[in-house]
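Residue numbers (the UniProt record's numbering), protein chains in the order written: chain A, 1 to 227; chain B, 1 to 227. Virtual Cβ for every residue (Gly too), placed ideally from N, Cα, C. Being a predicted model, the structure only gives us computed values, none of them experimental.
Protein chains: 2
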Amino acid sequence: MSHHDTEYFDAESSAAKSGGTTKGRSLKQEQTRARLINATRILMTQRSFDNITIAELTEAVHVGTGTFYNYFHSREELLEAVAKDSFESLGDALDTALSTLEDPAEVYAASLRHLIRYSLNDRVWGDLVVQMGGTHPLLTRILGPRARRDLLRGLEAGRFKIDDLDLATSCTFGALVSAIDLGLKGSPILPMEKHDEIFATAMLRMVGMTSIEAKMISSRSLRDISF
Amino acid sequence: MSHHDTEYFDAESSAAKSGGTTKGRSLKQEQTRARLINATRILMTQRSFDNITIAELTEAVHVGTGTFYNYFHSREELLEAVAKDSFESLGDALDTALSTLEDPAEVYAASLRHLIRYSLNDRVWGDLVVQMGGTHPLLTRILGPRARRDLLRGLEAGRFKIDDLDLATSCTFGALVSAIDLGLKGSPILPMEKHDEIFATAMLRMVGMTSIEAKMISSRSLRDISF
């Protein structure tokens, strides 16, 4: 998921790599589909999905307008594919970037902080996540298992106190989407640059850390990740 | 918001009392509107909104089918009115029932537990709340200020540690809706009857209570409230 508009045609995009839904498509079809997803994602950094036409997408990837429906049954299906691809890219990028951190509490906090920052920096994406909601199957199916894994690690390492892992995972995503929504609307009190820290602090408390330690871990400097 | 199907015509329903959207309607019109909302709400305890026809609603309150649109511009507007009325009733009932509790932590926990139980017992209502999502304006505008008030009380009483009240309020609703979603789907591990306790424990931790105290407060016996 690149933000550079020169990469419409990069066959190595994560959409092409992820391609879990091959369904008998040829490699070329798979690549065209991935390019359509990629082009949509890039245009969505500039304006909302509703203001992107099928014609400009097919033009960007050099296929006929009419062939769009060979790849997606509807605009909604395209949007779902974009969201799926984005969640997978985000999850992979976080896994890679945070793999060197030893403390599961820091991994959990840093993941949430990155997701908040990413969603507030890329407004169209943030709006889409809020519109989908914290219980959307794409969110819970793709990022859910990763969050659950991180929570389990923290539990096994004795860092967290959690009565029910599934509930803690669900609550994390519900709270995350609400925090993004609040951040996008602009909380009257909360300084934008502190939003991710304060949210992560609340989530670490939710999984049983003391207030002081939660705050300390959530305010550690965060390395930039290129998503 | 009664679950007894004999009360379709009760002009003292909360929909009639709340009537914040009078907009020049006569008392009779206001009452008919309230009866339509009430009839919908009662039918919704039995089946989903999509399976309720306008004809049966107008029949139930003895008005012509065609006059429905004098009261609501669309089915969606009726559903919004039902949700608004239900949130207001729930909020009022909780305020009344919990007014005798002195510990703000117990008020917050009990409110959340009641909302969870109510939503899991009344499946159609629970589904509707999940579908609306934790960031829906009706939820945040009607129940939001009450939750914020309870959190502020806990903060002022030195019971809670909260860095940002708005964020804590948002996270509460996001997590609440996700917890309802999980409960309705049937968590594989979590015993249904413990769902509300475990959720309230997580929320008390989120606002800075120790794990032990959070668990203690959330497992207190809960008085029945008739909503």
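| Asked | Found |
| --- | --- |
| Quick check on Q31/B: buried or exposed, where buried means 16 or more other Cβ atoms within 10 Å of its Cβ? | buried |
| Beta-carbon separation of residue 229/B and K161/A under 9 Å? | Limits of chain B in this structure are 1 at one end and 227 at the other, which puts residue 229/B out of reach. |
| Assuming R35/A is part of the alpha helix (DSSP H), what are its boundary residues? | L27 to L43 |
| At the level of alpha carbons, what is the spacing between E156/B and H114/A? | 32 Å |
| Rounded to the nearest angstrom, what separates D50/A and T58/A at their Cα positions? | 16 Å |
| Determine, using beta carbons only, whether F173/A comes closer than 9 Å to chain B. | yes |
| Give the secondary structure of A157/B by DSSP, where H, G and I count as helix, E and B as strand, and everything else as coil. | coil |
| Helix, strand or coil: which one does DSSP assign to S221/A? | coil |
| S86/B lies in the alpha helix (DSSP H); which residues open and close that run? | R75 to L98 |
| Please name the residue in L182/B, L167/B, T169/B and L152/B whose C-alpha comes closest to that of D166/A. | L182/B |
| Could you check which residue in R47/A, L78/A and M203/A has the C-alpha nearest to that of R35/A? | L78/A |
| Of all the CB atoms in chain E, is at least one closer than 9 Å to the CB of H195/A? | Given the protein chain composition of this structure (A and B), no chain E is represented. |
| Report yes or no: is there a C-beta of chain B within less than 9 Å of the C-beta of M206/A? | yes |
| DSSP three-state label for V129/A, please. | helix |
| Counting only the same chain and skipping the five closest in sequence on each side, list residues whose C-beta sits under 6 Å from that of A147/B. | T169 and T172 |
| At which residues does the alpha helix (DSSP H) containing I68/A begin and terminate? | According to the sequence displayed, residue 68/A carries Phe and not Ile. F68 to Y71 is the span of the alpha helix (DSSP H), which, as asked, contains F68/A. |
| Counting only Cβ-Cβ distances shorter than 7 Å, please list the residues of the UniProt domain "HTH tetR-type" (30-90) of chain A near chain B, keeping chain order. | none |
| Could you tell me the alpha carbon to alpha carbon distance between G144/B and E88/B, rounded to whole angstroms? | 11 Å |
| To the nearest angstrom, how far is the alpha carbon of E193/B from that of K28/B? | 43 Å |
| Mapping the DSSP letters down to three states, classify L152/A as helix, strand or coil. | helix |
| Taking only beta carbons into account, state which residues of the region 158-182 of chain A come closer than 9 Å to chain B, listed in chain order. | K161, I162, D163, D164, L165, D166, L167, A168, T169, S170, C171, T172, F173, G174, A175, L176, V177, S178, A179, I180, D181 and L182 |
| Rounded to whole angstroms, what is the Cα-Cα separation between E56/A and T45/A? | 15 Å |
| Please report how far the alpha carbon of I198/B lies from the alpha carbon of L112/B, in whole angstroms. | 11 Å |
| For G134/B versus G174/A, is the C-beta spacing smaller than 9 Å? | yes |
| Measure from the C-beta of I198/B to each C-beta in chain A and report whether the shortest distance is under 9 Å. | yes |
| Looking at C-alpha atoms only, which residue of T40/A, R75/A, S48/A and N121/A is the closest neighbour of A60/A? | T40/A |
| So if I threshold CB-CB distances at 7 Å, which residues from the region 126-137 of chain B count as touching chain A? | V130, G133, G134 and T135 |
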